[in-house]
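First residue of the sequence shown: 359, per the numbering used here; consecutive thereafter.
Written below as structure tokens is the structure these notes are about.
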Amino acid sequence: MLVWDSARFIGHLKGRGVEWPPIEKQCRAIIATAFAAAGPSVAREARIVGARNNSFAHWRFDFLLDEDLRVWLLETEIVPSTGTIGGVDEVIKTTGLRDLFELVGW
């Protein structure tokens, strides 16, 4: 499995003549809808945490982009696994765990 970081993915799209902002807008709308569908308390907490910009929850949204440039939500994880497949996945998870351990004084 190959995991690309955002810069590589956006560069790939640009190389194919596809602009990122409309795709990002769809992703953001889907995420907002997912929080709203989860209930008012979750949506309210997400807005509060987003406003403070210091979330202790790790949310992951996986998307699929079809040939018509429509974005589809594949899955959402609140607490993703800590196992890694290498590359960007490993950097994200090990950095996040290291930061968490530092916050709690380990």
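Heads up, the beta-carbon is just placed ideally off N, CA and C, and yes, glycines get one too.
Just so we're clear, the structure is a prediction, and the values are computed from it rather than from any experiment.
Short Cβ contact (8 Å threshold) for residue i with residue j
i, j, result
"V446", "W362", "yes"
"L431", "A392", "yes"
"I388", "V429", "yes"
Assigned secondary structure, residue i (DSSP; H/G/I helix, E/B strand, else coil)
i, result
"E382", "helix"
"E460", "helix"
"E377", "coil"
"S413", "Here S413 scores only 46 on pLDDT, less than 50, and its place in the model is too uncertain to base an answer on."
Inter-residue spacing [alpha-carbon to alpha-carbon] between residue i and residue j
i, j, result
"F459", "V449", "15 Å"
"I436", "E382", "20 Å"
"A365", "W417", "20 Å"
"N412", "L461", "For N412, the predicted model reports a pLDDT of 49, less than 50, meaning its position is unreliable and no value from the coordinates is stated."
"F419", "E433", "6 Å"
"V376", "R386", "18 Å"
"T452", "W464", "14 Å"
Counterpart residues of residue i in DSSP-defined beta bridges
i, result
"R428", "R428 is not bridged to any residue."
Continuous beta strand (DSSP E) stretch holding residue i: start and end
i, result
"D363", "Careful: D363 lies outside any beta strand (DSSP E) and carries neither H nor E."
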